[in-house]
Amino acid sequence: MDFEVIRGDIADQSADALVNAAGTSLRMGSGVAGALRRRGGEELNEAAMERGPVDLGDVAVTDAYGLDAAYVIHAAAMPHYGDGEATAGSVRDATRNALATADGRGCESLVIPALGCGVAGFDLREGARTIAEEIRSFEPESLTDVRFIAYSDEEYRTVREAVEGA
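Just so we're aligned, residue 1 is where the sequence shown starts under UniProt numbering, counting upward by one.
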């Protein structure tokens with residue numbers, strides 16, 4: 001399986017599945033979720049909320065609507081509504097479940113952001129290492145291309161350095 005760190009807007013990516021950094025309610029607000037919602041449309045947010053809430057670390061799947069993907073995998077790495085922050089365990093579980101869900105649906109390509117970092121409060125460097133460890137240890141049946149996306153130049157540098165050191 002190819003694994004690379006890229007810089008860009010996840011809403012501009014083309015893949016079989018895009019991973020949304022979600023809270024347990026699955027309501028798509030700001031950050032990665034906001035970018036996907038703006039591009040995918042309000043139907044994407046409505047479909048996500050119909051599948052929530054989910055437990056911390058769990059995922060839900062929707063169609064991608066206006067995005068260039070077959071699916072959006074909503075990975076709940078953080079609690080919602082101010083009920084706490086992401087943890088190493090929630091980042092690890094959400095990453096593992098997103099990978100397994102994409103692979104189970106026959107996806108070949110997946111784009112994943114820094115789950116649990118940013119608005120969720122988990123340290124970006126530690127989160128990136130955790131996500132990279134999960135990607136590298138995953139044994140796919142269908143996934144052949146996993147892209148770990150960072151939005152800003154600074155985030156990209158931090159993620160790339162953490163991934164190279166993981």
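Positions of the beta carbon are idealized from the N, C-alpha and C atoms, including for glycine.
(request) On the DSSP bridge assignment, give the partners of ASP63 in chain order. (result) TYR71
(message) Cutting at 6 Å between CB atoms, please list the residues of its own chain near PRO113, excluding the five before and the five after it.
(response) ILE10, ALA21, VAL32 and ILE149
(message) Here's a check: name, in chain order, each residue in its chain whose Cβ is nearer than 7 Å to the Cβ of GLU43, leaving out the five neighbours to either side.
(response) TYR65
(message) Please report the straight-line C-alpha distance between PRO53 and PHE3, rounded to a whole angstrom.
(response) 30 Å
(request) Look at the Cβ atom of LEU110, then the Cβ atom of ASP16, and state whether they are nearer than 8 Å. (result) yes
(message) Considering only the alpha carbon of each residue, which of ARG39, GLY84, VAL5 and GLU85 lies closest to VAL72?
(response) ARG39
(message) By the three-class DSSP mapping on this structure, what secondary structure does GLY165 have?
(response) helix
(message) I need the straight-line Cα distance from THR158 to GLU164, nearest angstrom please.
(response) 10 Å
(request) Go ahead and pull the three-state DSSP assignment for LEU124. (result) helix
(message) Here's the rule I'm using: 16 or more other beta-carbon atoms within 10 Å means buried, otherwise exposed. How should SER90 be labelled?
(response) buried
(message) Going by C-alpha to C-alpha distance, which of ARG160, TYR156, GLU161 and ALA166 sits closest to residue 168?
(response) Residue 168 is absent from the model: the chain starts at 1 and stops at 166.
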